[in-house]
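Undergrad:
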Amino acid sequence: MSAHGDPIPMTARRAASLRGTAEVPGDKSISHRALILGALAVGETRISGLLEGQDVLDTARAMRAFGARVSQTGPGAWVVQGVGVGGFAEPDDVIDCGNSGTGVRLIMGAMATSPVTATFTGDASLRSRPMGRVTEPLALFGARAVGRDGGRLPMTVTGAAHPVPVCYKTPMPSAQVKSAILLAGLNAPGETVVIEREATRDHTERMLAGFGADLRVEDGPEGRIITLTGQPELRPQTIAVPRDPSSAAFPVCAALIVEGSDVSVPGIGLNPTRAGLFETLREMGADLGYENMREEGGEPVADLRVRFSPALKGIEVPPERAPSMIDEYPILSVVAAFAEGPTVMRGVGELRVKESDRIAAMANGLRSCGARVEEGADWMVVHGMGPGGLPGGAICATHLDHRIAMSFLVAGLGAQAPVTVDDAGPIATSFPVFEPLMEALGARFSKVSP
1 MSAHGDPIPM TARRAASLRG TAEVPGDKSI SHRALILGAL AVGETRISGL LEGQDVLDTA
61 RAMRAFGARV SQTGPGAWVV QGVGVGGFAE PDDVIDCGNS GTGVRLIMGA MATSPVTATF
121 TGDASLRSRP MGRVTEPLAL FGARAVGRDG GRLPMTVTGA AHPVPVCYKT PMPSAQVKSA
181 ILLAGLNAPG ETVVIEREAT RDHTERMLAG FGADLRVEDG PEGRIITLTG QPELRPQTIA
241 VPRDPSSAAF PVCAALIVEG SDVSVPGIGL NPTRAGLFET LREMGADLGY ENMREEGGEP
301 VADLRVRFSP ALKGIEVPPE RAPSMIDEYP ILSVVAAFAE GPTVMRGVGE LRVKESDRIA
361 AMANGLRSCG ARVEEGADWM VVHGMGPGGL PGGAICATHL DHRIAMSFLV AGLGAQAPVT
421 VDDAGPIATS FPVFEPLMEA LGARFSKVSP
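Heads up: the sequence shown runs through residues 1 to 450, numbered per UniProt numbering.
(1) Candidates Ala-175, Asn-99, Gly-49, Val-335: which alpha carbon is nearest Ser-324's?
(2) Closest to Ala-443 by C-alpha separation, out of Gly-103, Ile-8, Ala-16, would be which residue?
(3) Starting from Arg-152, follow the alpha helix (DSSP H) in both directions and report where the run begins and ends.
(4) Under a Cβ-count criterion, where at least 16 other Cβ atoms within 10 Å of its own Cβ denotes burial, should His-399 be classed as buried or exposed?
(5) Checking 9 Å against the spacing of the C-beta atoms, do Ala-50 and Gly-67 come in under that value?
(6) Met-155 and Ala-145 look like a contact to me (Cβ under 8 Å); what is the Cβ gap, rounded to whole Å?
(7) Per DSSP, what kind of secondary structure is Lys-28 in: helix, strand or coil?
(8) Going by alpha carbons, who is nearest to Pro-436 out of Asp-214, Ala-22, Arg-152?
(9) Leaving out five residues on either side along the sequence, give the residues of the same chain with a beta carbon under 6 Å from the beta carbon of Val-382.
(10) For His-383, write down the residues that DSSP places opposite it in a beta bridge.
(11) Starting from Ser-396, follow its DSSP beta bridges and name the residues at the other end.
(12) Among Phe-308, Ala-118, Ala-240, Glu-296, which residue has its Cα nearest to the Cα of Pro-251?
(13) Pop quiz: Asp-303 and Glu-291 are said to be a contact at Cβ under 8 Å. What is the actual Cβ separation, rounded to whole angstroms?
(14) Along the chain, which unbroken stretches of the beta strand (DSSP E) at least 3 residues long are found entirely within the segment 269 to 298?
(15) Would you give the residue range spanned by the alpha helix (DSSP H) that Met-325 belongs to?
(16) Measuring alpha carbon to alpha carbon, tell me which of Arg-243, Thr-119, Gly-150, Glu-439 ends up nearest Ser-128.
(17) Could you check the C-alpha separation between Leu-106 and Phe-120 for me, to the nearest Å?
(18) Below 8 Å on the Cβ atoms is my contact criterion, and I expect Val-42 with Gly-86 to pass it. Report the Cβ-Cβ distance as a whole number of Å.
(19) Here's the rule: buried if 16 or more other CB atoms are within 10 angstroms of the residue's CB, otherwise exposed. What is Asp-202?
(20) Using only the alpha-carbon positions, how far apart do Leu-441 and Asp-92 sit?
(21) How far does the alpha helix (DSSP H) with Arg-14 in it extend, from its first residue to its last?
(22) Report buried or exposed for His-162, applying the criterion of at least 16 other Cβ atoms within 10 angstroms of its Cβ.
(23) Could you say which of Ser-48, Glu-90, Ala-77 lies nearest to Ala-62 if we only look at CA atoms?
(24) Inspect the CB distances between the segment 189 to 201 and the segment 166 to 174 and report whether three or more fall short of 8 Å.
(25) Would you decide whether Thr-420 is buried or exposed? Buried here means 16 or more other CB atoms lie within 10 Å of its CB.
(26) Name the residue from Thr-11, Thr-45, Glu-44, Gln-54 whose alpha carbon lies nearest to the alpha carbon of Lys-28.
(27) Could you give the distance in angstroms between the alpha-carbon of Ala-3 and the alpha-carbon of Arg-152?
(28) With burial defined as no fewer than 16 other Cβ atoms inside 10 Å of the residue's Cβ, what is the status of Gly-98: buried or exposed?
(29) In three-state DSSP terms, what is Met-10?
(30) Helix, strand or coil for Pro-221 per DSSP?
(31) Does DSSP classify Phe-445 as helix, strand or coil?
(32) Would Val-193 and Glu-205 qualify as a contact pair, given that the criterion is a beta-carbon distance under 9 Å?
(33) Just curious, the alpha helix (DSSP H) that Gly-210 is in, first and last residue?
(34) Flag this pair as touching only if the segment 255 to 271 and the segment 224 to 234 have three or more C-beta atom pairs under 8 Å; answer yes or no.
(35) Considering just the uninterrupted stretch of the beta strand (DSSP E) at Ala-146, what are its terminal residues?
(36) Could you check the C-alpha separation between Met-1 and Val-448 for me, to the nearest Å?
Here it is, written out as structure tokens:
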């Protein structure tokens, strides 16, 4: 089943070449945070370049449910009239976050230190994913959460009436956990501290500082220490959302494996906590350049230029790089299948609890396409077959996961025989223009009868 309706099977066929400019949507992570922090500011926040995928639209609806005024003024242009820190009203109905783990976990954090109660749900994929990694630290503030089946949605969260600040050391690298705690700390008196052993994407810290929060980041003996002083009055902002590097990964990787390709992808955010895929691809021998490097909205940005790269070599990806590219391992595994030799990916256990078990989904799908793949609890090895060497000819299960669907469609553009995904519907959650954007470059997609 699709995330929001009947399954939409789709087939990708080998492309002659991919050429042109791929203007991918706004960054999903930054879009979520812009809406939430806009709702927690006092006054009017204006956002341009907002990703209008289903995940972000669900977060916009949630902010309205908590009392903020959120409206669209044009394509990608939105206005949020915030209610201030501690100003959330109690929602009248269940908050449906669709497919978005980022959305639900950050929203839980934002409301956890206000004396309101909200019930959260989502689609089948989101209801299967663990929430305890967020609700356990939120309980330290005084919030209470009651869920289904050991901490899964539907879940009712009651915010703390008298919150206390928290010092929390994250047990695993997770920007969602860190961000939920920092958002909860906004309405707790005193200093809330998060310690992370490995740096994760820092959009929340950058944006909190931009909205006027008193926040400092230091390196300590146990890792990165983020200290937030609670109960600020956040100032409304004008935010230009950079284009999403996770979305850019798909046209970039497609160009690498389709002979004769030459694609430009402008305005991509290159925050160092997000750009691990591009670094990895260059180490593999990708013809991938950065042009017109600049800064927009406090984030480093560049235009990417990528060409077909027949000399890709398998590498061992440093495990410490995983937090900066955790969402990109599915599409990296596709590129690895077109490289020479093995590509080793370790320290990626987080992939097991994403929208799907992404290690299993990619391993099984690539095997069905003719590749040799090994996997373990937190690792995967793809044995590359060289340019154009993947046989293809398979129907791959997406498990309601947008990144799995897009990854196998990209695989089909370079494989010897067509590759079909059982459901392309979930792609709309993060990249609603994926199909027309890729077809404009020369991709060959077709919907098939289920």
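All C-beta atoms, glycine included, are put in the ideal place defined by N, C-alpha and C.
TA: Answer, in terms of the structure:
(1) As a first step, residue 324 is located in the sequence shown; it is residue number 324 there, counting from the start. Comparing Cα positions, the closest option is Ala-175.
(2) Mapped onto the sequence shown, residue 443 falls at position 443. Nearest of Gly-103, Ile-8, Ala-16 to Ala-443, Cα basis: Ala-16.
(3) Within the sequence shown, numbered from 1, the residue matching residue 152 stands at position 152. For Arg-152, there is no enclosing alpha helix (DSSP H); the residue is part of the beta strand (DSSP E) that begins and ends at 152 to 158.
(4) Along the sequence shown, one-based indexing puts residue 399 at 399. His-399 counts as buried, since no fewer than 16 other beta carbons sit within 10 angstroms of its beta carbon.
(5) Within the sequence shown, the letter at position 50 stands for residue 50. Within the sequence shown, the letter at position 67 stands for residue 67. According to the sequence provided, residue 50 is Leu. The question's Ala does not apply to it. No; because the gap between Cβ atoms is not below 9 Å, this pair is not in contact.
(6) Translated into the one-based positions of the sequence shown, residue 155 becomes position 155. Translated into the one-based positions of the sequence shown, residue 145 becomes position 145. Yes, Met-155 and Ala-145 are in contact; Cβ-Cβ is about 6 Å, under 8 Å.
(7) As a working note, residue 28 is residue 28 in the sequence shown. Residue state, collapsed to three classes: helix.
(8) Numbered from 1 along the sequence shown, position 436 holds the residue referred to as residue 436. Distance from the Cα of Pro-436 is smallest, within the candidate group Asp-214, Ala-22, Arg-152, for Ala-22.
(9) Numbered from its first residue, the sequence shown carries residue 382 at position 382. Here the set comprises Ser-333, Ala-336, Ala-337, Thr-343, Val-373.
(10) By one-based count along the sequence shown, residue 383 stands at place 383. For His-383, which the question treats as bridged, DSSP gives the partners Pro-342, Arg-372.
(11) The count along the sequence shown starts at 1 and reaches residue 396 at position 396. First, the residue type needs correcting, since residue 396 is Cys and not Ser in the sequence shown. The partner list for Cys-396 (beta bridge, DSSP) reads Val-421.
(12) Here residue 251 is taken as the residue at index 251 of the sequence shown, counted from 1. Restricting attention to Phe-308, Ala-118, Ala-240, Glu-296, the CA atom closest to the CA of Pro-251 is found in Phe-308.
(13) Position 303 of the sequence shown, counted from the first residue, corresponds to residue 303. Position 291 of the sequence shown, counted from the first residue, corresponds to residue 291. Between Asp-303 and Glu-291, the beta carbon gap of about 5 Å places them in contact (Cβ cut-off 8 Å).
(14) Taking only runs of at least 3 residues, the beta strand (DSSP E) segments lying wholly in the segment 269 to 298 are 287 to 296.
(15) Residue mapping note: residue 325 aligns to position 325 of the sequence shown, counting from 1. In the DSSP assignment, Met-325 falls outside any alpha helix (DSSP H), carrying neither H nor E.
(16) Translated into the one-based positions of the sequence shown, residue 128 becomes position 128. In terms of CA proximity to Ser-128, Gly-150 leads the group Arg-243, Thr-119, Gly-150, Glu-439.
(17) The count along the sequence shown starts at 1 and reaches residue 106 at position 106. The count along the sequence shown starts at 1 and reaches residue 120 at position 120. One alpha carbon belongs to Leu-106, the other to Phe-120, and they sit about 12 Å apart.
(18) On the sequence shown, residue 42 is found 42 positions in, with the first residue counted as 1. On the sequence shown, residue 86 is found 86 positions in, with the first residue counted as 1. About 11 Å separates the beta carbons of Val-42 and Gly-86, which is beyond the 8 Å limit, so they are not a contact pair.
(19) Taking the sequence shown and counting its residues from 1, one reaches residue 202 at position 202. With at least 16 other beta carbons inside 10 angstroms of its own, Asp-202 counts as buried.
(20) Residue 441 sits at position 441 when you count from the first residue of the sequence shown. Residue 92 sits at position 92 when you count from the first residue of the sequence shown. Asp-92 has its alpha-carbon roughly 45 Å from the corresponding atom of Leu-441.
(21) Working through the sequence shown from its first residue, we reach residue 14 at position 14. Counting along the chain, Arg-14 falls outside any alpha helix (DSSP H), and DSSP gives it neither H nor E.
(22) Residue 162 sits at position 162 when you count from the first residue of the sequence shown. So His-162 ends up on the exposed side.
(23) Within the sequence shown, residue 62 is the residue found at index 62, counting from 1. Taking each of Ser-48, Glu-90, Ala-77 in turn and checking the Cα distance to Ala-62, the smallest one comes out for Glu-90.
(24) Judged by Cβ distances under 8 Å, the segment 189 to 201 makes contact with the segment 166 to 174, as three or more pairs qualify.
(25) If you number the sequence shown from 1, residue 420 lands on position 420. Buried, because 16 or more other Cβ atoms sit within 10 Å of the Cβ of Thr-420.
(26) By one-based count along the sequence shown, residue 28 stands at place 28. The residue among Thr-11, Thr-45, Glu-44, Gln-54 with its C-alpha nearest the C-alpha of Lys-28 is Gln-54.
(27) The residue given as residue 3 occupies position 3 in the sequence shown. The residue given as residue 152 occupies position 152 in the sequence shown. With a pLDDT of only 44 at Ala-3, under the threshold of 50, the placement of this residue in the model should not be trusted; the figure read from the coordinates follows. Those two C-alpha atoms are separated by around 17 Å.
(28) Against the sequence shown, residue 98 aligns to sequence position 98. Looking at its Cβ environment, which holds 16 or more other Cβ atoms inside 10 Å, Gly-98 is buried.
(29) The count along the sequence shown starts at 1 and reaches residue 10 at position 10. Strand, per DSSP.
(30) In the sequence shown, the residue the question calls residue 221 occupies position 221. In the three-state reduction of the DSSP assignment, Pro-221 falls in the coil class, being assigned neither a helical nor a strand state.
(31) Numbered from its first residue, the sequence shown carries residue 445 at position 445. Strand.
(32) Stepping through the sequence shown from its first residue, residue 193 is reached at position 193. Stepping through the sequence shown from its first residue, residue 205 is reached at position 205. Not in contact: Val-193 and Glu-205 (Cβ atoms no closer than 9 Å).
(33) Taking the sequence shown and counting its residues from 1, the one referred to as residue 210 is at position 210. Per DSSP, the unbroken alpha helix (DSSP H) holding Gly-210 starts and ends at 203 to 210.
(34) No, the segment 255 to 271 is not in contact with the segment 224 to 234.
(35) Here residue 146 refers to the residue found at position 146 when the sequence shown is read from its first residue. Checking the displayed sequence, the identity of residue 146 turns out to be Val instead of Ala. Per DSSP, Val-146 belongs to the beta strand (DSSP E) from 144 to 148.
(36) Taking the first residue of the sequence shown as position 1, residue 1 is located at position 1. Taking the first residue of the sequence shown as position 1, residue 448 is located at position 448. Residue placement at Met-1 cannot be trusted, given a pLDDT of 35 that sits under 50; what the coordinates show is reported in the next sentence. Those two C-alpha atoms are separated by around 15 Å.
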